[in-house]
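J.: Submitted below is the structure of interest, expressed as structure tokens.
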Amino acid sequence: MLEAGLYLIPSQLSDVPLDRALPVHNIEVVRGIRHFVVESLRSARRFLKKCDRAIDIDALTFHELNEHSDLKDTVALEAMLEPIGRGEAVGVISDAGCPAVADPGADLVAIAQRKGYKVFPLVGPSSILMSLMASGFNGQRFAFEGYLPVDASARQARLKEMTRRIEREHQTQIFIEAPYRNNQLIADLIRHLPASMRLCVASDITGENQTIVTRTLSQWRQAQYDYHKVPTIFLLYQ
């Protein structure tokens with residue numbers, strides 16, 4: 001029997017054998033949970049079956065928590081945590097990476113903390129930290145910006161602010177883009193930022209085709225690359 005509480009369960013970043021990304025302990029925890037809050041039901045079911053084909057999916061209860069959820073509906077969020085009050089465990093699973101870090105789950109964790117429930121973050125891959133580790137950039141001061149604005153003027157304003165933080169605060173800037181716009185984003189960075197600025201592009205992290213490359217923007221201008229529709233994370237530093 002698992003201790004009652006909220007278990008934050010990392011999932012894979014890419015479709016590789018589980019033992020390349022997750023410790024055995026995570027699988028043991030998953031086997032002991034009967035209540036899950038997930039980003040998408042289909043992805044969660046597939047992940048759980050990959051953890052252990054003997055898991056009876058139909059015997060589990062699922063709640064979806066994603067960008068379509070009403071995060072102001074605290075009654076609904078609290079209902080997802082009710083099993084903890086009965087002495088049971090609840091697991092949170094994102095589609096990829098770590099729950100509550102650039103993925104759904106933070107609002108649920110906040111409620112669990114307010115109620116005094118125990119929260120158990122499990123070990124697993126985070127594209128933000130793994131890309132930072134491999135970039136060669138400042139790992140003491142960094143910020144994750146999420147998605148940059150789509151509007152051109154707003155995007156340029158954000159890039160200007162990020163450049164200021166890099167130059168004045170020596171803060172690594174980390175961000176993502178919709179995969180089908182990856183190549184266009186690199187072109188925009190080359191066009192609008194200083195040629196001496198360094199850009200790290202970390203693509204398909206933990207996957208069979210993983211590439212993590214750091215170059216100045218002037219070098220990226222001369223390079224050949226294609227990150228179209230590949231999960232990718234971007235980092236900037238001076």
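Be aware that the sequence shown starts at 1, since it is given in my numbering, and climbs by one per residue.
Note that the Cβ used here is the ideal one computed from N, Cα and C, for glycine as well.
Is C200 helix, strand or coil when you go by DSSP?
T.: strand
J.: Nearest CA to the CA of R20: which residue from L189, P125, P104?
T.: P125
J.: Would you call the segment 194-213 and the segment 149-161 in contact, with 3 or more CB pairs under 8 Å?
T.: Judged by Cβ distances under 8 Å, the segment 194-213 makes no contact with the segment 149-161, as fewer than three pairs qualify.
J.: Spell out the partners DSSP gives V92 in its beta bridges.
T.: L8, V37
J.: Would you mind reading off the limits of the beta strand (DSSP E) that contains E64?
T.: 61-64
J.: I'd like the ranges of any alpha helix (DSSP H) spanning at least 4 consecutive residues and lying wholly in the segment 155-202.
T.: Unbroken alpha helix (DSSP H) runs of no fewer than 4 residues, entirely contained in the segment 155-202, are found at 182-192, following chain order.
J.: In the DSSP output, which residue or residues are listed as bridge partners for V119?
T.: L6, per the DSSP bridge assignment.
J.: Tell me the DSSP secondary structure of A206 in three-state form.
T.: For the record, residue 206 in the displayed sequence is Thr; it is not Ala. Of the three classes helix, strand and coil, the one that applies to T206 here is coil, per DSSP.
J.: Going by DSSP, which residues form a beta bridge with F137?
T.: Beta-bridge pairing by DSSP links F137 to no other residue.
J.: Which residues in the same chain as Q113 place their Cβ atom closer than 7 Å to its Cβ, once the five residues preceding and following it in sequence are excluded?
T.: V119
J.: Return the chain-ordered list of same chain residues with a C-beta closer than 6 Å to the C-beta of R165, the five sequence neighbours on each side being excluded.
T.: Q171
J.: Have a look at Y117, T211, D56 and flag the residue whose alpha-carbon is nearest the alpha-carbon of G5.
T.: Closest in C-alpha terms to G5, from the list Y117, T211, D56, comes Y117.
J.: Does the beta-carbon of V30 have 16 or more other beta-carbons within 10 angstroms, so that it is buried, or is it exposed?
T.: buried
J.: Using CA coordinates, which residue listed in L65, D70, R45 is at the minimum distance from D58?
T.: R45
J.: If we ignore side chains and look at the alpha-carbon of each, how far apart do F144 and Q173 end up?
T.: 6 Å
J.: Roughly how many whole angstroms lie between the Cα atoms of L77 and L132?
T.: Approximately 32 Å, taken between the alpha carbons.
J.: Three or more C-beta pairs under 8 Å: does that hold for the segment 218-228 against the segment 180-200?
T.: yes
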